[in-house]
Amino acid sequence: MSDLRDSAPLLDAYLSYFESARTPFTIPGHKQKASLLDAGLGAVVDSDTPLYGGLDEIKLTNQTLRKAEKLAADLWGADYARFSTGGSTHANQAIVLALGAPGDKVAISRTAHRSILSALVLAGLEPIWMSPEIDSATGVPIGIALAELQKALSEKPIAVLLTEPGYLGTISDLPALVAAAHAQSVPVIFDAAWGGHFGFHPDLPKHALQLGADALITSVHKALPGYSASALLLAQGTYLNLNRIEQSFETTHTTSPAGAPLASIDAVRALLQTRGVELCAQLLKNVDEFKKTVQSEFALPIFLYASDFPAGRFDPTKVVLRVQQLGASGVDIERDLQAAGIRVEMADRDTIVFLATLADTASDFEKLADALIPILKRHQGQRRESATALSWSVTPQRGISMRDAYFAKTVMVGADKAQGRISADLIAPYPPGVAVVAPGEILTPQILEGLKTSKDAGVRIAYATDSTLATYRVVE
Ligand SMILES: Cc1ncc(COP(=O)(O)O)c(C=O)c1O
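Just so we're aligned, residue 47 is where the sequence shown starts under the working numbering, counting upward by one.
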């Protein structure tokens, strides 16, 4: 029984498909009966049906997807909504491709995810980097200051790209940033991959469109209970060309979208619409009680709290453990948690991020607290100062354009020969997937030493051609 089925057309179409008799001579080739070939393969694919010929007729006669997207646009107060099966990665690429022409400049937060950087390469846009402010007490990035945006605006960007919330749940002073950009008729786009729940409870931050932004991209599989890689792109038509966005979206999306992610976006929309306030209230309560329970065992503050930041500038559902306050290693704690069957979203030396969503129950949080407290006590040592993570502290030095570096002839050089060379790779400790160096930028001693330190501390170094960091891919 689904309570949402009547108010979610794609969910209804998905369920109806499996209730109807069918003998498909269409894709997908598994025909929902691959279990006849192998039980394991069948377990993976037999509940799959596509949009075309699954959730709708092959010719999309029923316009089921359009109806569901219109319902999402209405709920978020947008002129335009699209559902993606390619994650915020795809939605970011689609919107960035719709902004301008090669050579145009965009103001972009250095905390941007790599999907935004890859979108700039695809679109041939040039970044005007904006560095986040770092909070001296906690060492975390707290967003882009107005002065930093104004400096970038003086270079005449065609758009402003912000990552809000940041990976650790902090948020810029958005009304001021949006107003400054709009004063120059420059559109503001939020990559809100981690903020899909924003705007659905008075104690949560407002979502991008409520704050006057022109576009909001969010992953429905991150803070919301959607299918892996499901994402939502919402946009307003005042400063953005919606026809161009539509064209870029279709250019970069698969022509065979899977039905389950699409139906899940529709169902999550209906869930937020009917029970959003109630479920977000429960999540806020669960997180608050969990933090209180664990915190009561320790003298120093060990989580990030909304009270650490200006009002409304932190996602109160975010669970960020400041391991350095305990003098422990986040990577060691992660290992012990894994042995107890608990996986975390991110762990580095100083920080652990636990993803809490509407799907977690009070008893899940109790289980986590019961496992976590003895592990933290076991690893407790001498408090360390918060070392500002490498990702937040690099000042980029441009050698050549990102796009030129992307297409350049490249060579691998030993780490001892890399200093001063132009990186061809984007390299990012992951998560959070924030670039320490982007294609076209110079490998400085700070970057090389910092990457090595992060790696030695057990952090995964993503996207480098040689993830051992013994060699670097540089422009020839
Ligand atoms: C800020 C940000 N944007 C975009 C993405 C990409 O999202 P997806 O995995 O849905 O493609 C991520 C993924 O971690 C992210 O952190």
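All C-beta atoms, glycine included, are put in the ideal place defined by N, C-alpha and C.
- Here the C-alpha atom of THR95 lies approximately 12 angstroms from the C-alpha atom of LYS79.
- Annotated three-state conformation of TRP122 is helix, per DSSP.
- Not one heavy atom of ligand 1 lies closer than 7 angstroms to the C-beta of ASN289.
- The C-alpha of GLU179 lies about 14 angstroms from the C-alpha of ASP354.
- Contact between ASP394 and VAL505 holds, with the beta-carbon distance rounding to 5 angstroms and staying under 8 angstroms.
- Beta-bridge annotation (DSSP): VAL521 is paired with THR456.
- Judged by DSSP in its simplified three-state form, ALA277 adopts strand.
- Close CB contacts of LYS501 within its chain, under the 6 angstroms cut and outside five residues either way in sequence, are with ILE507, LEU515 (chain order).
- Three or more pairs of CB atoms, one per stretch, sit closer than 8 angstroms, so the region 411-431 contacts the region 379-387.
- The DSSP-derived three-state label of THR216 is strand.
- For SER134, the enclosing alpha helix (DSSP H) has its first and last residue at 133-143.
- The C-alpha of ILE73 is placed about 17 angstroms away from the C-alpha of SER66.
- Counting only residues of its own chain and dropping the five nearest sequence neighbours on each side, THR511 has a CB closer than 6 angstroms to the CB of ASP471, ARG519.
- In the structure shown, the three-state DSSP call for ASP502 is helix.
- Assigned with DSSP and collapsed to three states, TYR285 falls in coil, not helix or strand.
- The three-state secondary structure of ILE398, taken from DSSP, is strand.
- Distances taken from the Cβ of ASP237 to the heavy atoms of ligand 1 include one shorter than 7 angstroms.
- Contiguous alpha helix (DSSP H) elements confined to the region 287-340 occur at 288-298, taking only those with 4 or more residues.
- Going by DSSP, SER62 is part of no beta strand (DSSP E) but of the alpha helix (DSSP H) stretching over 55-65.
- Counting along the chain, the unbroken alpha helix (DSSP H) around LYS423 starts and ends at 408-425.
- LEU192 is positioned such that its CB atom lies no closer than 8 angstroms to that of VAL224.
- Scanning TYR126, GLU495, ILE388 for the CA closest to the CA of PHE295 turns up TYR126.
- Nearest C-alpha to PRO148 among ILE204, PRO485, ILE235, GLY123: ILE204.
- PRO491 carries a helical assignment under DSSP once its states are collapsed to helix, strand and coil.
- Look at the region 197-278 and you find these whole runs of alpha helix (DSSP H), each 4 residues long or longer: 220-228.
- With the rule of 3 Cβ pairs closer than 8 angstroms, the region 240-249 does not count as touching the region 145-163.
- A distance below 6 angstroms between beta-carbons, with the five flanking residues on each side excluded, links LEU220 to the following residues of its chain, in chain order: LEU257.
- Annotated as distal: TYR452 and PRO475, with beta-carbon spacing of 8 angstroms or more.
- One Cα belongs to LEU318, the other to SER342, and the distance between them is close to 33 angstroms.
- In this structure, the CA atom of HIS159 is about 37 angstroms from the CA atom of THR107.
- In terms of CA proximity to SER469, TYR509 leads the group TYR509, SER439, GLU431.
- The straight-line gap separating the alpha-carbon atoms of ALA119 and TYR98 is approximately 22 angstroms.
- Taking a 10 Å sphere around the C-beta of ILE141, we find 16 or more other C-beta atoms and assign the residue as buried.
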